[in-house]
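Participant: Chains U and R supply the protein sequences, listed in that same order.
The first sequence begins at 1 in the numbering used here and counts up by one.
The second sequence begins at 1 in the numbering used here and counts up by one.
Here a beta-carbon is modelled for each residue, glycine too, at the ideal position from N, C-alpha and C.
Every value quoted in this text rests on a predicted model; they were computed, and no experiment measured them.
Number of protein chains: 2
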Amino acid sequence: MTALRFTATYRIRSDAASIEARAQAIAVEQSVEMPVSAIVEAEILRDIVGQVESIEPRGDNIFDVRIGLATATTGHEAGQFLNMVFGNTSLHPDVVLLDLAIPADLAAAFGGPRHGIDGLRRRAGVFGRALTCSALKPQGVPPARLAQLARQFARGGIDFVKDDHGLADQPYSPFAERIAAIAGSVGRTCYVPSLSGDLDAMRRQIDNACAHGINTVILAPMIAGWATMQTLVRQYPEVAFVAHPTMGGAARIAPELLIGKLFRLLGADAVIFPNHGGRFGYTPETCRRLADQARAPWGGIRPSIPVPAGGMTLDRVPEMLDFYGPDVMLLIGGSLLAARERLTEETAAFTRAVARHEYR
Amino acid sequence: MTALRFTATYRIRSDAASIEARAQAIAVEQSVEMPVSAIVEAEILRDIVGQVESIEPRGDNIFDVRIGLATATTGHEAGQFLNMVFGNTSLHPDVVLLDLAIPADLAAAFGGPRHGIDGLRRRAGVFGRALTCSALKPQGVPPARLAQLARQFARGGIDFVKDDHGLADQPYSPFAERIAAIAGSVGRTCYVPSLSGDLDAMRRQIDNACAHGINTVILAPMIAGWATMQTLVRQYPEVAFVAHPTMGGAARIAPELLIGKLFRLLGADAVIFPNHGGRFGYTPETCRRLADQARAPWGGIRPSIPVPAGGMTLDRVPEMLDFYGPDVMLLIGGSLLAARERLTEETAAFTRAVARHEYR
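Encoded structure:
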């Protein structure tokens with residue numbers, strides 16, 4: 001049994017008199033989940049029980065607690081990793097999982113993006129500027145209509161066009177018919193279909209997509225299950241994966257950790273997140289930290305490209321490019337679709353704005 | 001395309017002036033996720049876009065909003081169902097998914113517990129009193145030690161003994177070795193091993209368990225992924241499933257809905273939840289509603305047995321039985337294990353207390 005540990009940082013609301021007991025309780029909850037006094041084996045106490053490493057007051061009854069958890073408890077399996085990192089503690093309303101420091105062996109077991117920013121740039125044939133992306137919507141329309149929209153996006157010069165995350169395998173737009181219709185309509189644009197269902201279904205969908213020359217897909221780790229994503233990333237090393245944040249409900253896991261760091265660790269080459277000032281409530285600081293975590297040097301782990309989204313509009317392109325820099329993929333969906341019959345022209349205006357941007 | 005809808009109730013913090021717009025925004029977010037003005041197809045507006053059905057003020061800037069969502073968008077698939085019910089909206093810090101009204105066709109597509117309370121009672125050979133359960137801990141000890149604990153629990157007359165949810169497929173206690181050791185040690189007690197990993201791994205684990213005569217397993221729907229659970233429940237109709245609440249982080253989904261109703265819908269025959277007054281913060285009212293939802297008549301959907309847990313002790317048995325009634329499974333883990341060499345006797349005291357209880 002290895003004695004190696006990884007470190008989880010929890011942000012806890014507590015009065016000062018209780019924080020040491022709270023911290024110790026979390027260390028036990030996230031490891032052996034039983035009274036420590038009932039453990040007879042010395043090696044379990046030494047190697048498996050979580051260890052409180054530090055408690056730092058942050059003011060206003062907030063404390064950041066670092067706990068060392070045994071790597072061995074994860075079995076190097078993604079679902080169990082999530083279970084050991086935050087499983088039962090997620091049920092406490094006053095605890096947020098703030099950060100994770102992951103040793104090299106554990107990081108290597110997950111492996112991170114197989115393609116990363118460079119690989120996505122090669123797919124698009126685009127270097128030195130931000131990548132562009134839009135989304136096929138609304139769900140409910142038949143494949144031919146989605147293919148028509150995809151053609152207009154492609155003619156406008158977009159780099160990537162993804163399925164709306166609501167597009168699954170519904171009778172009104174079955175996956176197989178949808179990708180057959182769209183794959184032939186996008187020219188040099190990369191079409192990114194959305195995976196759904198269980199592991200078997202997702203494998204069939206990827207196989208089907210690959211048969212149509214598609215090499216990038218999107219899935220939602222919090223719905224698919226982390227083990228499902230880990231398996232797909234391993235099984236399809238030639239495929240690039242985009243992570244969608246749906247069900248990320250990031251109140252309990254800091255979004256910069258969940259989306260910026262953990263989805264990257266799981267192998268997402270691109271991570272979509274709600275940009276500040278859009279339909280969701282993330283602050284600019286959260287978005288910057290999230291993008292930083294997605295791109296920061298991290299041993300042998302490739303960077304993921306951050307994809308700010310969620311109600312973005314053409315007029316925000318310059319500001320977003322200045323905020324995130326060129327290693328970003330801008331995703332504008334509904335706002336382009338609102339142009340209706342002028343979709344190609346609006347898309348062309350988007351891609352021009354990105355191509356011609358002069359960074360401040 | 002069917003025009004049938006199911007109804008989701010969201011509890012939203014908002015000022016009164018904004019609530020209609022907030023409600024409409026959620027109806028759009030959880031359906032087409034694009035500007036409604038950009039939708040050209042009349043049938044999408046009629047059949048697919050979410051519809052705000054009612055807005056009820058609850059005081060203190062809290063509103064309960066009922067939204068009708070198209071059943072067709074779920075494709076009758078569990079992961080996509082979660083995505084459409086709460087996916088993107090989970091990212092809003094001021095919205096809680098409070099309840100779901102599910103029409104018969106959708107309920108039938110999931111099917112609920114295949115065995116339910118009666119089926120679990122038949123497994124244990126116990127009728128007319130509460131069921132008892134304990135847990136094998138701590139993780140880190142080898143299979144032989146876990147088997148020894150299981151034997152002591154069984155000699156104490158416990159009905160079910162489950163793996164700690166931290167027990168996965170780690171090198172110190174591989175699944176196959178663990179169940180081989182434990183299955184032969186429990187006599188008439190039902191041993192409930194914990195599933196982990198991806199769908200393939202879980203299928204191998206169930207096949208392995210069945211080969212040892214095990215007919216009940218435990219898994220965590222929020223980690224495994226709902227699609228994984230839906231597939232397993234369908235593929236193994238002879239196996240009973242216990243749902244563990246880990247990663248349920250129920251701040252954003254009301255626990256009585258998530259654990260009491262939705263885990264039941266997915267096919268959990270037993271649902272574990274943190275009892276009031278234990279290590280977690282659920283109130284007695286939440287626990288009662290959760291247990292009520294798990295057992296209430298629901299068309300053709302079998303009841304799930306509620307399993308209150310999380311720091312329970314022997315002295316609380318009478319109070320818990322009076323609170324929940326006889327259709328309950330009491331789960332006491334660490335507190336029994338704290339008896340160490342007196343584990344069998346302490347377990348026997350637990351099972352006696354349940355058997356002899358006179359309801360008030």
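(1) Do you know how far the Cα of Gly157/U is from the Cα of Gly187/U?
(2) Pull up the CB-CB distance for Pro274/R and Gly310/R, whole angstroms please, since I reckon it's below 8 angstroms.
(3) For the candidate residues Arg114/U, Ser173/U and Ile67/U, whose alpha-carbon lies nearest to that of Thr216/U?
(4) Measuring alpha carbon to alpha carbon, tell me which of Asp327/R, Val328/R, Leu336/R and Pro326/R ends up nearest Asp315/R.
(5) For a quick check, are the C-beta atoms of Gln30/U and Ile67/U less than 9 angstroms apart?
(6) Is Ala3/R close to chain U, meaning its C-beta is less than 9 angstroms from at least one C-beta of that chain?
(7) Cutting at 8 angstroms between CB atoms, please list the residues of its own chain near Phe86/U, excluding the five before and the five after it.
(8) In three-state DSSP terms, what is Gly333/R?
(9) Based on the DSSP secondary-structure assignment, which residues constitute the bridge partners of Trp298/R?
(10) For Ser37/U, does the three-state DSSP call read helix, strand or coil?
(11) For Tyr300/U and Glu345/U, I'd like the C-alpha separation in whole angstroms.
(12) Given a limit of 7 angstroms on CB to CB distance, which residues of the segment 330-355 of chain U reach chain R?
(13) Tell me Thr9/U's beta-bridge partners as DSSP assigns them.
(14) Please return the same chain residues whose Cβ sits closer than 8 angstroms to the Cβ of Gly128/U, not counting the five positions on each side in sequence.
(15) Starting from Phe153/U, find everything on chain R with Cβ-Cβ shorter than 8 angstroms and list it in chain order.
(16) What residue range is occupied by the uninterrupted beta strand (DSSP E) comprising Asp163/U?
(17) If you measure from the beta carbon of Gln230/U to each beta carbon in chain R, is any gap under 9 angstroms?
(18) Under 8 angstroms, with one C-beta from each stretch per pair, do the segment 100-107 of chain U and the segment 219-239 of chain U reach the 3-pair mark?
(19) Assuming Asp94/R and Ile12/R make a contact with CB atoms under 8 angstroms, what is their CB distance in whole Å?
(20) Ile179/U bridges to which residues according to DSSP?
(21) Determine the DSSP secondary structure at Val28/R, reduced to helix, strand or coil.
(22) Short check: CB of Gly166/R to CB of Pro142/R, under 9 angstroms?
(23) Is there a Cβ from chain U that is less than 9 angstroms from the Cβ of Leu82/R?
(24) Give the list of continuous alpha helix (DSSP H) stretches no shorter than 4 residues that lie fully inside the segment 163-247 of chain U.
(25) Are Leu131/R and Ile305/R close, meaning C-beta to C-beta below 9 angstroms?
(26) When the cut-off is 9 angstroms and only beta carbons count, does Gly111/U lie next to chain R?
(27) Quick one: is Phe86/R near chain U, going by C-beta distance under 9 angstroms?
(28) Quick test of the definition: if touching needs 3 or more C-beta pairs under 8 angstroms, does the segment 74-84 of chain R touch the segment 236-243 of chain U?
(29) Under a three-way DSSP split, which group does Val141/U fall into?
(30) Quick one: give me the first and last residue of the alpha helix (DSSP H) that Ile117/R is part of.
(31) Applying the 10 Å Cβ sphere with the 16-neighbour rule, what's the burial state of Gln152/R?
(32) Can you pull the chain R neighbours of Ala291/U, defined as C-beta to C-beta under 9 angstroms?
(33) Closest to Arg340/R by C-alpha separation, out of Val40/U, Val32/U, Glu341/U and Ala348/U, would be which residue?
(34) Quick one, which of Arg279/R, Thr246/R and Glu256/R has its alpha-carbon nearest Cys287/R's?
(35) By the 10 Å Cβ neighbour count, where 16 or more other Cβ atoms means buried, how is Arg22/U classified, buried or exposed?
(36) Can you grab the Cα-Cα spacing for the pair Tyr228/U / Ala338/U, in whole Å?
Facilitator: Reading it off the structure:
(1) Stepping through the first sequence from its first residue, residue 187/U is reached at position 187. Stepping through the first sequence from its first residue, residue 157/U is reached at position 157. C-alpha separation (whole angstroms): 10 angstroms.
(2) One-based indexing of the second sequence puts residue 274/R at position 274. One-based indexing of the second sequence puts residue 310/R at position 310. The Cβ separation is near 4 angstroms, so the contact holds.
(3) Walking along the first sequence from the start, residue 216/U turns up at place 216. Among Arg114/U, Ser173/U and Ile67/U, the Cα nearest to that of Thr216/U is on Arg114/U.
(4) Along the second sequence, read from residue 1 onward, the residue named residue 315/R stands at position 315. The residue with the shortest Cα to Cα distance from Asp315/R is Leu336/R.
(5) Residue 30/U sits at position 30 when you count from the first residue of the first sequence. Residue 67/U sits at position 67 when you count from the first residue of the first sequence. Yes, these two residues count as a Cβ contact at 9 angstroms.
(6) The residue you call residue 3/R lines up with position 3 of the second sequence. Legend: pLDDT at Ala3/R = 45, less than 50; position of this residue unreliable, value from coordinates given subsequently. By this cut-off, Ala3/R is not an interface position.
(7) For this step, residue 86/U is matched to residue 86 along the first sequence. Closer than 8 angstroms at Cβ, skipping near neighbours: Ala8, Gln30, Leu97, Arg252 and Ile253.
(8) Against the second sequence, residue 333/R aligns to sequence position 333. Looking at Gly333/R - three-state DSSP - the assignment turns out to be coil, as it is neither helix nor strand.
(9) For the purposes of this step, residue 298/R is identified with residue 298 of the second sequence, where counting begins at 1. In DSSP, Trp298/R forms a bridge with Gly300/R.
(10) If you number the first sequence from 1, residue 37/U lands on position 37. Ser37/U: helix per DSSP, three-state reduction.
(11) Within the first sequence, the letter at position 300 stands for residue 300/U. Within the first sequence, the letter at position 345 stands for residue 345/U. The sequence shown places Gly at residue 300/U, rather than the Tyr named in the question. Distance between the alpha carbons of Gly300/U and Glu345/U is about 41 angstroms.
(12) Gly333, Gly334, Leu337, Ala338 and Arg340
(13) The count along the first sequence starts at 1 and reaches residue 9/U at position 9. Here Thr9/U is bridged, per DSSP, to Arg66/U and Asp99/U.
(14) Numbered from 1 along the first sequence, position 128 holds the residue referred to as residue 128/U. So the list reads Pro326, once near-sequence residues are dropped.
(15) Locating residue 153/U in the first sequence gives position 153, where the first residue counts as 1. Going along chain R, no residue has its Cβ under 8 angstroms from Phe153/U, so there is no contact; the nearest lies around 14 angstroms.
(16) The residue you call residue 163/U lines up with position 163 of the first sequence. Phe160 to Asp163 is the extent of the beta strand (DSSP E) around Asp163/U.
(17) The sequence position of residue 230/U within the first sequence is 230, counting from 1. It does; some Cβ of chain R falls within 9 angstroms.
(18) no
(19) Indexing the second sequence from 1 puts residue 94/R at position 94. Indexing the second sequence from 1 puts residue 12/R at position 12. Right, the Cβ-Cβ distance comes to about 6 angstroms (below 8 angstroms), so this counts as a contact.
(20) In the first sequence, residue 179/U corresponds to position 179, counting from 1. In DSSP, Ile179/U forms no bridge with anything.
(21) Counting from 1 along the second sequence, the entry for residue 28/R is found at position 28. If DSSP states are grouped into helix, strand and coil, Val28/R belongs with the helices.
(22) Translated into the one-based positions of the second sequence, residue 166/R becomes position 166. Translated into the one-based positions of the second sequence, residue 142/R becomes position 142. It is not a contact, given that the beta carbons lie outside the stated cut-off.
(23) The residue given as residue 82/R occupies position 82 in the second sequence. Chain U, which has a Cβ nearer than 9 angstroms to the Cβ of Leu82/R, makes this yes.
(24) The qualifying runs are 175-183, 199-211, 221-224 and 226-235.
(25) Sequence index remark: in the second sequence, residue 131/R carries index 131 (1-based). Sequence index remark: in the second sequence, residue 305/R carries index 305 (1-based). Contact: yes.
(26) Along the first sequence, one-based indexing puts residue 111/U at 111. No, Gly111/U lies away from the interface with chain R (no Cβ there is under 9 angstroms from its Cβ).
(27) Taking the first residue of the second sequence as 1, we reach residue 86/R at position 86. True, the Cβ-Cβ gap to chain U drops below 9 angstroms.
(28) no
(29) Translated into the one-based positions of the first sequence, residue 141/U becomes position 141. Coil.
(30) Within the second sequence, the letter at position 117 stands for residue 117/R. Residue range Gly116 to Ala124 is occupied by the alpha helix (DSSP H) that includes Ile117/R.
(31) Position 152 of the second sequence, counted from the start, is the residue given in the question as residue 152/R. Flag for Gln152/R reads buried.
(32) As a working note, residue 291/U is residue 291 in the first sequence. Going along chain R, no residue has its Cβ under 9 angstroms from Ala291/U, so there is no contact; the nearest lies around 17 angstroms.
(33) Walking along the second sequence from the start, residue 340/R turns up at place 340. When each option's Cα is compared against that of Arg340/R, the closest is Val40/U.
(34) The residue labelled residue 287/R in the question sits at position 287 within the second sequence. Answer by Cα proximity: Glu256/R.
(35) Within the first sequence, residue 22/U is the residue found at index 22, counting from 1. So Arg22/U ends up on the buried side.
(36) What you label residue 228/U is simply residue 228 of the first sequence in a count that begins at 1. What you label residue 338/U is simply residue 338 of the first sequence in a count that begins at 1. Per the sequence shown, the amino acid found at residue 228/U is Thr instead of Tyr. Going by the C-alpha atoms only, they are around 35 angstroms apart.
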